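Beneath this line is the structure, given in structure tokens, with notes to follow.
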Amino acid sequence: MEKSKEVFAVSERLVIRKFGMQDVQSFYQYRSNPDIARFQSWENYTIEDAESFVGRQLESSPDQPGRWFQYAVALAASDQIIGDCAIHTIGAEPRIVELGFTLAPEHQGKGYMHEALCALLDYVFGTLNKHKLIAFSDVRNTKSIHVLERLGMRREGHLLENYMSKGHWIDEYQYAILQSEWLTMRR
Ligand SMILES: CC(C)(COP(=O)(O)OP(=O)(O)OC[C@H]1O[C@@H](n2cnc3c(N)ncnc32)[C@H](O)[C@@H]1OP(=O)(O)O)[C@@H](O)C(=O)NCCC(=O)NCCS
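Mapped onto full-length UniProt numbering, the consecutive letters of the sequence shown carry residue numbers 1 to 187.
So, in structure tokens, the structure goes:
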């Protein structure tokens with residue numbers, strides 16, 4: 001597999017890098033899985049959706065106020081994509097960013113997302129110098145809640161019927177961590 005050039009962060013087992021067109025098939029495989037989509041905004045994801053999503057990523061760069069940027073999570077040994085994480089730079093306050101993440105089912109339960117997010121948060125608070133990172137999770141999404149709490153993120157709110165998903169209003173938890181808290185924890 002051709003190695004992608006733009007790498008944002010690395011960890012023991014993983015590389016956090018820009019998407020490339022070589023990732024389309026693997027990205028499509030997990031995004032189109034109904035278990036993966038259960039607590040997410042999309043459903044019936046097609047290969048055409050995946051191609052146009054990855055195509056847009058090629059033209060995008062991180063940290064644009066008001067926009068999401070999707071980072072590919074790949075195995076360091078093979079450069080094979082196993083998931084992704086995304087950062088939304090809030091338009092009204094670009095020093096605050098929002099986090100999202102997904103891992104292919106066959107790679108879950110091995111600590112990959114925790115490892116990827118530790119590297120990503122080092123990049124967000126170190127390289128990008130952000131003040132605060134927030135995340136929203138469907139209150140039923142226990143795996144996502146575990147990931148956020150394992151990172152040391154604090155539950156700052158329970159937002160009632162905050163999000164319309166697949167025809168239903170969904171309660172969400174809001175989580176957050178400050179730059180100062182992350183840097184203290186990593187020392
Ligand atoms: C949310 C999601 C990424 C969590 O995946 P995950 O595999 O549970 O998370 P991690 O990769 O961090 O792995 C953690 C698990 O691996 C286990 N593990 C095994 N080996 C490990 C290791 N070497 N290091 C750390 N943890 C390890 C941990 O005990 C933990 O299991 P537990 O939660 O049962 O205690 C995944 O469920 C997903 O993609 N869901 C669909 C998308 C989604 O809903 N995203 C959230 C939107 S906010």
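Don't be surprised by glycine CBs; every beta carbon is placed ideally from N, CA and C.
Here the structure is a predicted model, which means the values were calculated and not measured.
Among A104, G111, P105, H88, which has the Cα closest to the Cα of V97? H88
Which partner residues of K132 appear in the DSSP bridge assignment? I96, L178
Integer Cβ distance of S41 from S165, believed to fall under 8 Å: 6 Å
Going by beta carbon distance, what residues of the same chain come within less than 7 Å of A50, once the five residues before and after it are set aside? V24, F27, Y28, R31
Nearest-angstrom beta carbon gap, S60 and residue 221 [assumed within contact, 8 Å]: Shown here, the chain extends from 1 to 187; a query on residue 221 therefore has no answer.
Sorry if obvious, but does the Cβ on I47 come closer than 8 Å to a heavy atom of ligand 1? no
Given 8 Å as the limit, tell me if M113 has its C-beta closer than that to any heavy atom belonging to ligand 1. yes
Return the CA-CA distance between A135 and A86, expressed in angstroms with no decimal places. 11 Å
Using the DSSP secondary-structure output, state which residues sit across from Q57 in a beta bridge. For Q57, which the question treats as bridged, DSSP gives no partner whatsoever.
Given a cut-off of 9 Å on the beta-carbon distance, is the pair L120 and L99 in contact? yes
Three-state secondary structure (DSSP) at D171? strand
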